[in-house]
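Just so you know, the sequence shown maps onto residues 5 to 273 in this note's numbering.
Where a beta carbon is used, it is the ideal one built from N, C-alpha and C, also for glycine.
Notes follow once the structure below has been shown.
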Amino acid sequence: MSRIANTLQALKAQGRKALIPYVTAGFPFAGVTPELMHAMVDAGADIIELGVPFSDPMADGPVIQKAGEKALALGIGTAQVLTMVRDFRQRDATTPVVLMGYANPVERYDLKHGADAFVRDAAAAGVDGVLIVDYPPEECEDFSARLKAQGLDLIFLLAPTSTDARMALVGRLASGYVYYVSLKGVTGAGHLDTGAVEQMLPRIRTHVSVPVGVGFGIRDANTAKAVGRVADAVVIGSRIIQLIEDQPRAKVAPVAAAFLREIREALDA
Numbered sequence: 005m006s007r008i009a010n011t012l013q014a015l016k017a018q019g020r021k022a023l024i025p026y027v028t029a030g031f032p033f034a035g036v037t038p039e040l041m042h043a044m045v046d047a048g049a050d051i052i053e054l055g056v057p058f059s060d061p062m063a064d065g066p067v068i069q070k071a072g073e074k075a076l077a078l079g080i081g082t083a084q085v086l087t088m089v090r091d092f093r094q095r096d097a098t099t100p101v102v103l104m105g106y107a108n109p110v111e112r113y114d115l116k117h118g119a120d121a122f123v124r125d126a127a128a129a130g131v132d133g134v135l136i137v138d139y140p141p142e143e144c145e146d147f148s149a150r151l152k153a154q155g156l157d158l159i160f161l162l163a164p165t166s167t168d169a170r171m172a173l174v175g176r177l178a179s180g181y182v183y184y185v186s187l188k189g190v191t192g193a194g195h196l197d198t199g200a201v202e203q204m205l206p207r208i209r210t211h212v213s214v215p216v217g218v219g220f221g222i223r224d225a226n227t228a229k230a231v232g233r234v235a236d237a238v239v240i241g242s243r244i245i246q247l248i249e250d251q252p253r254a255k256v257a258p259v260a261a262a263f264l265r266e267i268r269e270a271l272d273a
């Protein structure tokens, strides 16, 4: 069983929900990410989603786009992200790490380092799962098999517009968890309708056997708690990026940790 599956199974046995923060690797300072990851775990994060910067992130709103642009300007690419995961693993051998990004950096990495290099090197670095936003499940059979051969989970997105056929295909390929995008549009946008989420999750669960995480639009303890009542995991990204983007380096990790402690307390209450 993977680290992700173990973590989610243990939380379910305790009657608790997973807290999954997202941060862009190398933002807002190139060297702060491993320290930030440790601080988030200490504050109650169960799984960390680490964004791989990309110049054309179509699913990301302006907050995460800007973070990615800054990280790219600081020289952060896929190789640097894998180094950050290796650094994190020196002190934490248990918290799952999911790389979230786009196909282009993965394909560029393989072109530079050889076929299957990304999957091999991600596994060696200590990555547990991969979420590629623009890899549709219809085209993922081979990628899924290569990840599973290295013990990595393939995480998929589902949306309010997903058909039952798409959900069934995702249910067949997905491992770890499925990430339900609770709003139409891009990250950090709009108002979260928790009632609509509550209606959608039973439909997803008829097709998907792995846990379901919900993200997009979760900005505070109240929305996290409302989503946590119906989802297996709560994913928060844009709000964390906003909180840390203008902080001096010494305050990045403490500010993110303070926010996540509030979310953790709300989920556990």
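If residue 22 and residue 78 are in contact, beta carbons under 8 Å, what's the gap, nearest whole angstrom? No, residue 22 and residue 78 are not in contact; Cβ-Cβ is about 30 Å, not under 8 Å.
Roughly how many whole angstroms lie between the Cα atoms of residue 12 and residue 134? 16 Å
Would you call the CB atoms of residue 101 and residue 132 closer than 9 Å? yes
Would you call residue 198 buried or exposed, if buried means 16 or more other Cβ atoms sit within 10 Å of its Cβ? buried
Taking only runs that begin and end inside the region 14–55, name each unbroken alpha helix (DSSP H) of 4 or more residues, in chain order. 37–46
Nearest to residue 172 (by Cα), restricted to the options 67, 146, 141: 141
For residue 18, count neighbouring C-beta atoms within 10 Å of its own C-beta (all shown protein chains included) and say buried if the count is 16 or more, exposed if not. exposed
If you follow the alpha helix (DSSP H) that residue 101 is in, where does it begin and where does it stop? Where residue 101 is concerned, there is no enclosing alpha helix (DSSP H), although the beta strand (DSSP E) it sits in stretches over 101–105.
Which of the three DSSP states, helix, strand or coil, is assigned to residue 192? Confidence is the limiting factor: at residue 192 the pLDDT is only 48, short of 50, which leaves the residue's position unreliable and the question unanswerable from this model.
Less than 9 Å between the C-beta atoms of residue 56 and residue 130, yes or no? no
Same chain, Cβ closer than 6 Å to residue 266, five either side skipped, listed in chain order: 225
Can you list, in chain order, the residues of its chain with a C-beta nearer than 6 Å to that of residue 163? Leave out the 5 residues immediately preceding and following it. 185
Determine whether the beta carbon atoms of residue 264 and residue 49 lie at a separation below 9 Å. yes
Around the Cβ of residue 41, are there at least 16 other Cβ atoms within 10 angstroms (buried) or fewer (exposed)? buried
According to DSSP, residues forming a beta bridge with residue 157: 133
Could you please give the first and the last residue of the uninterrupted beta strand (DSSP E) stretch that includes residue 238? 237–240
Which value, in whole angstroms, describes the spacing of the CA atoms of residue 168 and residue 205? 12 Å
For residue 162, three-class secondary structure by DSSP: strand
State yes or no: is the C-beta of residue 110 within less than 9 Å of the C-beta of residue 54? no
Excluding the five sequence neighbours on either side, which residues of its own chain have a C-beta within less than 8 Å of the C-beta of residue 170, listed in chain order? 141, 162
Residue 217 - containing beta strand (DSSP E), residue span: 216–219
Buried or exposed: residue 254, going by 16 or more other Cβ atoms within 10 Å of its Cβ? exposed
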